[in-house]
Amino acid sequence: MSKLYVNPNVKIGKINKEIYGNFSEHLGRCIYEGVYVGENSDIPNKNGMRTDVVEALKEMKLPVLRWPGGCFADEYHWEDGIGPKESRKKLINTHWGGVLEDNSFGTHEFMELCEQIGCETYVNGNVGSGTVREMSEWVEYMTFEGVSPQADRRKANGHEGAYTVNYFGVGNENWGCGGNMTPEFYANLYRQYQTYIRQYNPDKKIFKIACGANAADYNWTDKVMEIAHPFMDGISLHYYTVPHTWEKKGSATKFSEEDWYNTLKKTCFMDELLDHNIAIMDHYDPKGRIGLIVDEWGTWYDVEEGTNPGFLYQQNTIRDALVAGINLNIFNKHCKRVRMANIAQLVNVLQSVILTEGPKMVKTPTYYVFKMYADHQDAELVSSSLEIGETGMGEDKVKKVYESCSVKDGRLTVTLANLSLDEDEDIEIVLTESAVKSVAGEIVTGAMDAHNTFDAPETVKTAAFEGCKITHEGLNIKLPAKSVVKVSAIIE
Ligand code: AHR
């Protein structure tokens, strides 16, 4: 039996609800078909937004959405996406499949989507191919309340009041698709561009995010922090779980037990990545003012057979549920620095929470993990320590269980991911200075490759978890193999 020591009275920091954010790009069928079908579609919609998708995201308590990219952001010119739809400029989406982008989903539509979901907005600006003036005017267009050239345009386009931009990203992957820059060059550009992101509403300040590193490129973090840290509120980090190589990533649904452990081992690397990036940030920002924003993460497999390789459409199995459960526990545990995270991507692209096919929609195993973990949103992370061994195959050994614990309104939430394919784990939760009054649990589990299809949409879903019992010391949990579990305990 392993032991998990939890002290609900030792509060470590707030788990920002934004850790449970998503990312949506003009890529494949994410925006078009995935969320936006247009007002004249037969698919039930409100102002063009799919009702089924919006409802599912509300139920999942999506707190924040990033848009319009991704690589697309540094090719996006916001003025092409405003005004009457029939006269909006069309362009070729060169990054993603070379398809025609008709710009029918633009700034007003994104804001409408976020309003329907009830989530915050994270807009990503264009540094790679856009000008300082363009970025500055976009911010004015969206957020200026009074009379100004851009605010007047917004009003003429049908939105009288200013929009709220909660987060603004100054470029995306500027080390790669966003301009192939060096960190020094980008950091200086960042200083310049961010100057003109004016704070028009003092009580709704825009949180400015600098482009951070690709995975373990610590030199990028170091240089950008060194040169630009006084001018940023956050710096991003992108890390994808790619089972094999970028050329041959592996299938989303047809994989071996070795692939399972290899994928999870690569996922667990997030822990180390965060520690190293945070150590660099601590050096330049010892008071912890600047947030680490993991605004792209998740699994990246080969596309599903027969689909456009530029659309990045992949299925989602119990392996993805584990990837989500592990990462979210890791983010929670680093909540003093990790202020936001955005899984890639919302619908129909990479590790999506939702898949659609015409009028049909399925919630993926990843969706159910996000929904289950929502009790952590804005809760206090509390001290916990797990004594646990390893699991795995060959060289791919991983810690067997990843956990995190939080408290909110007298409720202790413990989330656990058991990485083992075949071993259940008996865990004794030892609570310090508290007693459990009542307990309930939920679980997401199944065969390692179990997934939801449009013909069988509920193969994987959340079920009640019966494996937790109140004990003299706290709780006893019988955690099944390859499962993600939430235990909710009312404590006193
Ligand atoms: O999420 C897909 C792509 O991955 C994004 O456009 C880019 O930022 C990253 O390389």
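So for the sequence shown, this note's numbering puts the first residue at 5; every next one is plus one.
Yeah, the Cβ is synthetic: ideal placement off N, Cα and C, and Gly gets one too.
What you are looking at is a predicted structure, and each value in this text was computed from that prediction instead of being measured.
- [ ] Report, in whole angstroms, the separation of the C-beta atoms of Phe211 and Asn170, which I expect to be a contact under 8 Å.
- [x] Right, the Cβ-Cβ distance comes to about 6 Å (below 8 Å), so this counts as a contact.
Task: Exposed unless 16 or more other CB atoms sit within 10 angstroms - verdict on His287 - done: That one is exposed.
Task: When Ala493, Pro461 and Ala460 are compared against Thr475, the one with the closest alpha-carbon - done: Checking every option, the nearest Cα to that of Thr475 belongs to Ala493.
Open item on the list: Restricting to runs no shorter than 3 residues, where is the beta strand (DSSP E) found entirely within the segment 353-411?
Closed with: 358-361, 364-367, 384-391, 394-397 and 400-403, all fully within the segment 353-411.
Task: Contact check, Val488 vs Ala325, beta carbons under 8 Å - done: In contact: Val488 and Ala325 (Cβ atoms closer than 8 Å).
Task: Cβ-based neighbour list, Gly38, same chain, cut-off 6 Å, excluding 5 preceding and 5 following - done: In chain order, Val351, Asn352 and Thr360 place their CB closer than 6 Å to the CB of Gly38, counting only its own chain and leaving out the 5 sequence neighbours on each side.
- [ ] Using only alpha-carbon positions, find the residue among Thr368, Asp428, Ser408 and Ile47 that is nearest to Asn11.
- [x] Ranked by how close their Cα comes to the Cα of Asn11, the residues Thr368, Asp428, Ser408 and Ile47 have Ser408 in first place.
Open item on the list: If contact is defined by three or more beta carbon pairs under 8 Å, each pair taking one atom from either stretch, is the segment 303-319 in contact with the segment 379-388?
Closed with: Too few Cβ pairs lie closer than 8 Å, so no.
Task: the ligand ATP heavy atom lying under 7 Å from the CB of Val10 - done: The ligand ATP is not part of this structure, which contains only the ligand AHR.
Task: Boundaries of the alpha helix (DSSP H) in which Arg157 is found, first to last residue - done: Boundaries of the alpha helix (DSSP H) around Arg157: Pro153 to Ala160.
Task: As assigned by DSSP and simplified to three states, the class of Cys75 - done: In the structure shown, Cys75 sits in a helix (DSSP, three-state: H, G or I).
Task: C-alpha distance - Val357 paired with Gln349, whole-angstrom precision - done: Cα to Cα, the separation comes out at about 8 Å.
Open item on the list: Quick check on DSSP: helix, strand or coil for Leu215?
Closed with: Checking the displayed sequence, the identity of residue 215 turns out to be Cys instead of Leu. Here Cys215 sits in strand by DSSP.
TODO: Return yes when the C-beta of Asn176 is under 7 Å from any heavy atom of the ligand AHR, and no when it is not.
DONE: Judged by the Cβ position, Asn176 qualifies as a neighbour of the ligand AHR at the 7 Å threshold, a heavy atom of the ligand being closer than this.
- [ ] Would you kindly work out how many angstroms separate the C-alpha atoms of Lys291 and Glu138, rounded to a whole number?
- [x] Between the alpha carbons of Lys291 and Glu138 lies a distance of about 33 Å.
TODO: May I ask you to report which of helix, strand or coil DSSP gives Glu124?
DONE: Glu124: strand per DSSP, three-state reduction.
Open item on the list: Counting C-beta neighbours from all protein chains within 10 Å, is the total for Pro72 16 or more, i.e. buried, or is it exposed?
Closed with: Pro72 is buried by the Cβ-count criterion.
Open item on the list: Taking its Cβ as the centre, do 16 or more other Cβ atoms sit within 10 Å of Met53, making it buried, or is it exposed?
Closed with: Per the 10 Å Cβ criterion, buried.
Open item on the list: Considering Cα atoms alone, identify which of Lys7, Leu8, Lys18 and Tyr9 is closest to Lys412.
Closed with: Closest by C-alpha distance to Lys412, out of Lys7, Leu8, Lys18 and Tyr9, is Lys18.
Open item on the list: Please list the terminal residues of the continuous beta strand (DSSP E) segment that includes Cys472.
Closed with: Per DSSP, Cys472 belongs to the beta strand (DSSP E) from Cys472 to Ile474.
Task: Secondary structure of Ile35, DSSP reduced to three states - done: Note: Ile35 maps to coil in three-state DSSP.
Open item on the list: Along the chain, where does the alpha helix (DSSP H) containing Ile330 start, and where does it finish?
Closed with: Counting along the chain, Ile330 sits inside the alpha helix (DSSP H) bounded by residues Ile322 to Lys337.
Task: Cβ-heavy atom distance, His280 to the ligand AHR, below 7 Å - done: Outside the cutoff, so no.
Open item on the list: I believe Asn176 touches Cys75 by the beta-carbon criterion, under 8 Å. Please report the beta-carbon distance rounded to the nearest angstrom.
Closed with: Between Asn176 and Cys75, the beta carbon gap of about 7 Å places them in contact (Cβ cut-off 8 Å).
- [ ] Flag this pair as yes or no: are the beta carbons of Tyr377 and Tyr24 separated by less than 8 Å?
- [x] Yes, the pair counts as a contact, with Cβ atoms nearer than the cut-off.
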